[in-house]
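Chains as they are written, first to last, in our numbering: chain A, 379 to 1167; chain B, 30 to 357. Note that beta-carbon positions come from the ideal geometry of N, C-alpha and C, so glycine has one too. Okay, structure first, notes after.
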């Protein structure tokens, strides 16, 4: 085109980024890559490789090693060997992480180009977003390595982390996994996604350049099977996975009972709520950032547009006009907004999902511009006339596909936002700060963006609620995923309680058969059966109801309905808990006698346990209004508020050791943070729990806050672990129970905290109370509030 | 007060803004979220870029959309004449020929001066289609008596200015007196008659982007042909966030009335690269029609020099030096 012609059309033309440096790198390596194990590249044990393609044109970029069990074993062992030395010196780790950050910056363009070639994302995004965030993540965590000794006192590294990452942000997800793990003194074996391994391999070269000790970072490439070998390896102490909810569920099931720590960052169907007083033009750009960033292949993509009715039509008109200006094309072109979908398989899935949406009656809106003739491209897509019951309002597409719905009131917006099994992110647009800060706590999401979307930073935790997974990446909250309390390794296995044979039919004076405690009332067991409670010598000391599935169902329903407790402020909860402590103190002797009867311990020990229980209640009453969140120091002009929010309905399976104190140690932190709980007390020693009914009744504890179901531990635990309405479960008991809980929890990915068959000393405050419990009783929600007028 | 709305357009389809009654509800509903606007503004220049021949063409376009300006207390007739000659020949002929534009008339969009220099400029631009724009209404502060400000417009129009750049009373914005702003601008618009009117908002003195959005709407309702950011005399002049706010108001006005209003950022745009980003902004937010001098102008004095150097680089492959191009 001549300049005179361009003056007429005023088109942009093309602005291709050069691939020559990246190509030269690939050529230098003969376009074939082995695993990076123990500080060096090596050929795969099985000798097999697979192709990695450029999704924009289908060209083969290189051959990637397929990892097998021997490769994984070698990598894990190298990591394990390196870990002890690596954990020793935080300052040394800080220096190397700092060097890695600088190397990422030094090679930023090469990393960006390699990423775009391999993944298909626009070069603008890999250059301006992914790579700078990667560098920032290493800088930030270099600081945490420096501060670990002082800021994470009492915690030690977990050991070897097995990390499996997805193909949508290959290098950024690597940084999110490796930086905190290394900062906290762990070593890692990481598997990049099959189709996008190149940036991880390039990163491995930077590790050598940074002087990272051998074995600290190992990159094993391969498919899902390789990933399974890593996550299930015996010497892997920590598994971190980002990817689909289906695979996350499988990992949860397969690692159940292994004692491995687990974080899962999974799918989403995140709401994007626009209120009628929003800056609509800015909100339209927000949608672009939400769903047409990275081809919509973003786990936290705002894919459900919820519009307040008065502005819905105008907003759709503005959005449709904006879509016309989005450029889909060669990701290496600097003027392209939407690049190639990562693979043929993914492209087909997107097409299929959109077809389902249309067949269910959605109105399809796509821009008129044409797509490139070859490569995996899909246009920005808006589906209107979608209802909450539509498939596309519920299922993740993982592509540039947005569905829109309308709402009438803020409460309806919240109800629709929360009408999903996921809970990763949410976006709220309004100029009304009252409305914004009212909605933020009400949406079930790990991240809430006010008047912005997809803002991320290393200082602010990222992660979801519900079936979007658990754990946080980034910020102080993310560090706890890579450490464990130092005392854990000293714990001894749980000792089973010897159940005595009944010494004949005994009489116990006045009959006091304890019932269930459900919704603040005593309820007969649904089964109609009761179980005898015997002393260690076999003497009958009482009866408790034999709880069953139905009792659990009723208890969870009561807990779910007890919203009053969740709505009460920390000060109010503290008052009730002080009251419980006082009323327990008034009956100290009675409770001590009961413990003595049930466990056969001496009077002094029994009294000590009750005393400790009262103290523990006071402690958590004190905490109720003090477990503050934080305001993260992010570089954006934004307040990033990390709020502690209760899990919701929690199941607490209590230990047999210290039947009263063990129960109080679980119940008190949970309710102090605003959770409602369903408690399964010690099966052999349940009477300390049932005696508490009257204490609760006289302490103004709202009905349904604490529900207690006695009976067979295994059955009740299984029902609770299976229950879709239970958000979190804590388990103390034999190892097989931990396994059962973790396995069953996969159904709705409830948060599990299990004892792995180890007994805590509940009388030791370091083990039995404190922030560790409060952290497990809460989830962190990060609310981003940019400001400026 | 003259409430008559101007007639719509002429035979060439060059429709002017007829204005509309002041719609206070619309004004009050204007929103401008600064952080979001800044984020969008920051990516205009990273999402779009033009290279090589496209860049050269876009720079030529920038020149044709330029109000080459001198607004100094020490302006003399000779100084203005020199500026006008530069407006007629903004790019060295050999460069134009090398770009295949030898046959094209490449001039700036207008020359912008004070009232006293209108006659001088008209004489110097005789035989060209380059209009003379005059700043008016007590520029830059706009605090002289209203009847004098109106009279100043009339005299400038009578003197031959085809475009009048008026300044609004910032106090009307800051006190939320939209009716007063509307009445004032409408009176200025009427005084302009056939001359095109550009309303300078002096955005650097309006406090918030919300005020910028609201003042933009009120001026358009009052019938102006262009809204313009700044006099060049405020401490903060044209910025991308302010521009985004104003062009979105223009888009809103078009969506609701069908009328196309022009945009003129002024002050602080001195680099060719900045000019390209502004052109991208117009194309992205408003569309192709806003890449012509009828709907887009830069108010600039030193921008041209940088563009010339970039064009020479395009033609020769060598980085240029400013002394190789005639000063304006």
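Problem - residue 789/A beta carbon near the ligand SAM (any heavy atom closer than 7 Å) - result: Judged by which ligands are present, the structure shown has none, so any question about the ligand SAM falls away.
Please classify residue 1015/A as buried or exposed, where buried requires at least 16 neighbouring CB atoms within 10 angstroms. exposed
### Three CB pairs or more closer than 8 Å across the segment 806 to 819 of chain A and the segment 767 to 786 of chain A
no
So with CB distances below 9 Å, who are the chain B contacts of residue 1165/A?
63, 64
* Using a beta-carbon distance below 8 Å, is residue 355/B in contact with chain A? -> no
Practice problem: Could you list which residues in chain B have their beta carbon closer than 7 Å to that of residue 385/A, in chain order? | Solution: 86, 89, 90
Worksheet item: When you compare each of 437/A, 425/A, 432/A to residue 448/A by their alpha carbons, which one comes out closest?
Response: 425/A
**Report entry** Secondary structure of residue 503/A, DSSP reduced to three states
**Finding:** Correct three-state label for residue 503/A: helix.
Requested in this report: Identify whether residue 32/B lies in helix, strand or coil by the three-state DSSP scheme.
Outcome: Because residue 32/B carries a pLDDT of 35, less than 50, the predicted location of this residue cannot be relied on, and the following value inherits that uncertainty. DSSP places residue 32/B in coil when its eight states are reduced to three.
| query | Between 412/A, 1125/A, 656/A, which lies nearest to residue 579/A when the distance is taken from Cα to Cα? | reply | 412/A
Subject >> Counted within 10 angstroms of its Cβ, other Cβ atoms place residue 907/A as buried (16 or more) or exposed >> reply: Exposed: under 16 other Cβ atoms inside 10 Å.
Own chain residues within Cβ distance below 7 Å of residue 1150/A, not counting five before or after
863
Are any of the Cβ atoms in chain A nearer than 8 Å to that of residue 128/B? Contacts with chain A at 8 Å (Cβ-Cβ) include residue 128/B.
Alpha carbon to alpha carbon, how far is residue 559/A from residue 476/A?
14 Å
Exercise. What does residue 830/A reach in chain B if we use C-beta pairs closer than 8 Å?
Worked result: 64, 65, 68
- Message: Please classify residue 852/A as buried or exposed, where buried requires at least 16 other C-beta atoms within 10 Å of its C-beta.
- Response: buried
Chain A contact residues for residue 313/B, given Cβ-Cβ distances below 8 Å = 703
Can you give me the Cβ contacts of residue 115/B inside the same chain, cut-off strictly under 6 Å, excluding the 5 residues immediately before and after it? 357
Mapping DSSP to helix, strand and coil, what is residue 49/B? coil
At which residues does the beta strand (DSSP E) containing residue 784/A begin and terminate?
779 to 785
query = Is it a yes or a no for the segment 298 to 307 of chain B touching the segment 327 to 337 of chain B, going by three-plus beta-carbon pairs under 8 Å?
reply = yes
Going by DSSP, what residue range makes up the alpha helix (DSSP H) through residue 911/A? First-last for residue 911/A: 908 to 912, but that is the beta strand (DSSP E), not the alpha helix (DSSP H).
Could you round the C-beta distance between residue 534/A and residue 461/A to whole angstroms and report it? I think they count as a contact, below 8 Å. The pair is not a contact, with the Cβ atoms about 11 Å apart (cut-off 8 Å).
Examine the Cβ distances between the segment 166 to 183 of chain B and the segment 120 to 137 of chain B and report whether three or more of them are shorter than 8 Å. no
Task: Range covered by the alpha helix (DSSP H) that runs through residue 301/B - done: 301 to 314
**OP:** Quick one: which unbroken beta strand (DSSP E) runs of 3-plus residues sit fully inside the segment 529 to 604 of chain A? Chain order, please.
**Re:** 533 to 535, 538 to 542, 565 to 569, 595 to 597
- Query: Which bits of chain B does residue 1015/A rub up against, with CB to CB less than 7 Å?
  - Reply: 64
* To do: Can you tell me which of the three DSSP states residue 264/B falls into?
  => coil
Original post:
Would you say residue 745/A reaches chain B, if we count a Cβ-Cβ gap shorter than 8 Å as a contact?
Top reply: no
Which residues in chain B have a C-beta closer than 7 Å to the C-beta of residue 1117/A? List them in chain order. Chain B residues near residue 1117/A: none, gap ~48 Å exceeds 7 Å.
Checklist line | Cβ-Cβ distance between residue 561/A and residue 531/A below 8 Å | finding: no
**Asked** Going by C-alpha distance, which of 231/B, 97/B, 261/B is nearest residue 138/B?
**Response** 97/B
Enumerate in chain order the residues of its own chain whose CB-to-CB distance from residue 655/A is below 6 Å, with the five nearest sequence positions on each side excluded. 808, 809, 810
Next item on the list: Could you check if residue 322/A is buried or exposed, using at least 16 other CB atoms within 10 Å of its CB as the buried criterion?
Entry: Outside the modelled stretch of chain A, which goes from 379 to 1167, sits residue 322/A, for which no answer is possible.
Exercise. Under the rule that 16 or more other beta-carbon atoms within 10 Å means buried, what is residue 1054/A, buried or exposed?
Worked result: buried
With a Cβ-Cβ cutoff of 8 Å, do residue 453/A and residue 501/A count as a contact? no
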